[in-house]
Each structure stands twice: as structure tokens, then as C-alpha cells.
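S.K.:
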Amino acid sequence: MTLLEVRDLHVFYGRIEAIKGVSFTLNEGEIVTLIGANGAGKTTTLRTISGVRTVAEGSIFFEGEDITKMAPHDRVKRGICQAPEGRGIFPGMTVRENLDMGTYVRGDKGPQKAKDLEHVMHLFPRLRERIGQMGGTLSGGEQQMLAIGRALMSKPRLLLLDEPSMGLAPMLIAQIFTIIKEINADGISVLLVEQNATQALKTAHRGYVLETGYVVKTGAGSDLLVDPAVRAAYLGG
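Quick note on our numbering: the sequence shown kicks off at 682 and runs consecutively.
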């Protein structure tokens, strides 16, 4: 079943067209990755799906419903949540308070909220150890865990992840991608933007390659991983 469909998407920053007719799909239960160089339009695509950027032309469908003009908070209610590039945590709030913010739109309280919090603690044991610590005092890896955990507290059907490995040590990168697979195994579909193209393609079921606002290549993650053009441009070989 198609969960997300992006049709002929055009997005501008002022007079600059950042997205130039991008189209792709994501099926229920999939991990799909968008790869490409800086400036290719990957982050803009995620921001547009989450409602932060305005669509100039084209449409976005979620479970068959046109959400192109839907407000960002209503998309969260609908089941779309983003862990943004740069993490975007609240530095002056504790880990627990940051996670609570993930339930703000849902309004969940009591047993269900406690159950969801325990699930996040299971995925990220480090957050349990830091539950009363201010978000701004966490390490980069811990902040990334917190950003993903906060998004999961909204109970998404589709999780948008923007550069989850940025600035992390190799050991932590491997851990984050293992957790992404666990999240997907729990039934959450994932749209992943990631500069570490090798890890992204190893993790994803399918991938799309973006160049200057266009989709130029698509295929199974395993196929793109060995594609000579993709290897030369993005994988260093």
C-alpha cells in the first residue's frame, strides 16, 4: 500500500526554485532514502512534506488523502513527524520535558503516554540515564537520540529523519542506523535524508538520487549501492 506519494513537487526560496518537479512514493513499512550532494533539495523535500515549506506546484498525498495545504500540526496528528537536521531539541528543558513535547499535539496522558515513554527508553537506554538532565548539556549523539525519541512520542506512521548521523562518531552512527531498523520493524515507515550514502543505502529498501532539485535515479537500496554512477558520485568509489 502506498503511504506517501509526492507528485511533481515544486518549491521556491524567494525566486530560487529548490525543488523542480520531484515525484516519488513510499510504501507502508518501507525505509526510503533520498541521497544527493549538498543543495540537491533533500532537506527542502522533507520540510515540505512536514508542512514547514509551502508548495508552489504539485501535490502531496498521505494514505490517499491530499495534504498539500494541510497545516504542520495537523500532519503530526495525521501521523507524519520529523526529527529535523540539527536535532532542534529544547536546550533549557530536561530530557523528560523534551520527550513530553512530542505528545503535545496528540494530547495523550496517563497510561498510554507512560507506555510510549517506556518504549523510547527501551530504544535509547542512555536517555533513561539522562532523564532529568538539561537537553543542552547532552552530547551530540545523545541529542540525536533525544530528537528521534521526541518524534516517536508523537506516534508517527511516517518518520522523517534529516541527517541523523551528522557529527557523530562512527560507533554511534552504526548504533543510530541499527535503531532506525528497529523503529521500522515496529511498523513505522521512514523517509531518510542522509549524507552518509553508504549507510543510508544499506539501511533503505529503496532510494532516490536528487541532483539540483530533480530526481535523476531510483532503485532498490542494494542496487544503488553497487551502481557505478552512484558509487563514483556519492560513495567514494
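Cβ coordinates follow ideal geometry from the N, Cα and C atoms, glycine included.
1) In terms of residues, what are the limits of the alpha helix (DSSP H) holding glutamine 824?
2) Using a Cβ-Cβ cut-off of 7 Å (strictly less than) and excluding sequence neighbours within five positions of glutamate 844, which residues of its own chain qualify?
3) Assuming valine 713 and alanine 850 are in contact, meaning their beta carbons sit under 8 Å apart, how far apart are those beta carbons, in whole angstroms?
4) For leucine 849, does the three-state DSSP call read helix, strand or coil?
5) Spatial neighbours of alanine 995 within its chain, please: CB distance less than 7 Å, with the 5 preceding and 5 following residues excluded, ordered by chain position.
6) Rounded to the nearest angstrom, what separates leucine 715 and methionine 834 at their Cα positions?
7) How would you write the range of the alpha helix (DSSP H) that glycine 883 sits in, first residue to last?
8) Helix, strand or coil for threonine 775, going by three-state DSSP, please let me know.
9) Is aspartate 797 buried or exposed, if buried means 16 or more other CB atoms sit within 10 Å of its CB?
10) For methionine 682, does the three-state DSSP call read helix, strand or coil?
11) Would serine 903 pass as a contact of glutamine 880 if the rule is Cβ separation under 8 Å?
12) Would you call the stretch 823-843 in contact with the stretch 755-769, where contact means no fewer than 3 C-beta pairs closer than 8 Å?
13) Assign threonine 932 to one of three DSSP states: helix, strand, or coil.
14) State the start and end residues of the unbroken alpha helix (DSSP H) segment that holds isoleucine 730.
15) Which residues mark the beginning and the end of the alpha helix (DSSP H) in which valine 896 is found?
16) When DSSP labels each residue in this structure, what does phenylalanine 858 get in the three-state scheme?
M.R.: Once the coordinates are examined:
1) Counted from its first residue, the sequence shown places residue 824 at position 143. Residues 821-833.
2) The sequence position of residue 844 within the sequence shown is 163, counting from 1. Here the set comprises Glu766, Val874, Glu875, Gln876.
3) For the purposes of this step, residue 713 is taken as the residue at position 32 of the sequence shown. For the purposes of this step, residue 850 is taken as the residue at position 169 of the sequence shown. The pair is not a contact, with the Cβ atoms about 26 Å apart (cut-off 8 Å).
4) The residue you call residue 849 lines up with position 168 of the sequence shown. In this structure, leucine 849 counts as coil in the three-state DSSP scheme.
5) No answer is possible for residue 995: the residues shown for the chain start at 682 and end at 918.
6) By 1-based counting over the sequence shown, the position of residue 715 is 34. By 1-based counting over the sequence shown, the position of residue 834 is 153. Near 24 Å, if we compare the C-alpha coordinates of methionine 834 and leucine 715.
7) Position 202 of the sequence shown, counted from the first residue, corresponds to residue 883. The amino acid at residue 883 is misidentified as glycine; the sequence shows lysine. Looking at the DSSP string, the run of the alpha helix (DSSP H) that includes lysine 883 is 878-884.
8) Along the sequence shown, read from residue 1 onward, the residue named residue 775 stands at position 94. Strand.
9) Along the sequence shown, one-based indexing puts residue 797 at 116. Answer is buried; the Cβ neighbour count reaches 16.
10) The residue labelled residue 682 in the question sits at position 1 within the sequence shown. DSSP places methionine 682 in coil when its eight states are reduced to three.
11) As a working mapping, residue 903 is identified with position 222 in the sequence shown. As a working mapping, residue 880 is identified with position 199 in the sequence shown. Contact flag unset, no.
12) yes
13) Lying before the first or after the last residue shown, residue 932 is absent from the chain, which here runs from 682 to 918.
14) Residue numbering aside, residue 730 sits at position 49 when the sequence shown is read from its first letter. Element bounds for isoleucine 730: 723-731.
15) Along the sequence shown, one-based indexing puts residue 896 at 215. Element bounds for valine 896: not the alpha helix (DSSP H) but the beta strand (DSSP E), 895-901.
16) Locating residue 858 in the sequence shown gives position 177, where the first residue counts as 1. Looking at phenylalanine 858 - three-state DSSP - the assignment turns out to be helix.
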